[in-house]
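Take 2 as the starting number for the sequence shown in the working numbering and just add one per residue. Quick reminder that beta carbons are idealized off the backbone N, C-alpha and C, glycines included. As the structure is a computational prediction, the values presented were derived from the model and not from experiment. The structure under discussion appears below in the form of structure tokens.
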Amino acid sequence: MIIKRKFGKLVRGRANPFQIFSASILGMLIGFVPGFQQAPGLLIFWLGCLIILNANLFLAGLVGILRKLLLIALMPVAFAIGRFLLEGPTNPLFASLGNGNHR
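Set out below in structure tokens:
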């Protein structure tokens, strides 16, 4: 019970609900960024938004790390779904979109 209260106090601090909400959303978006080498501008933009909105940096980092771990764990599932959509029953639709044949 005491540990849960201390953790809640550490996460919330003196932040208002908007700062907690924006930290959660921006942390999730940072977790979606593939890496600094692939998208440096996007990562810098999200970090700038975190600073401008005065969001809770600890919560944003925690959510970003959890989101990144979930993304890595679900990568084989996402690959299988994408392969099914590209090579399965929707193949003609994606082939026409990929080739630029809009009728």
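Going by C-alpha distance, which of I31, G89 and E88 is nearest L58? I31
Inside the segment 24 to 102 only - beta strand (DSSP E) runs reaching at least 3 residues: none
Handout entry: Supposed close pair L72, L51 - CB separation, criterion 8 Å
Key = Not a contact, Cβ separation roughly 19 Å.
| request: Apply the 10 Å Cβ neighbour rule to Q38 and answer buried if 16 or more other Cβ atoms are within range, or exposed otherwise. | output: exposed
Would you mind stating whether L43 and S23 have Cβ atoms separated by less than 8 Å?
-> no
- Exposure of L60, with buried meaning 16 or more beta-carbon neighbours within 10 Å: buried
- Message: Please tell me whether R133 and F95 are closer than 8 Å, where the distance is taken between their beta carbons.
- Response: The chain is shown only over 2 to 104; residue 133 falls outside these bounds and no answer can be derived.
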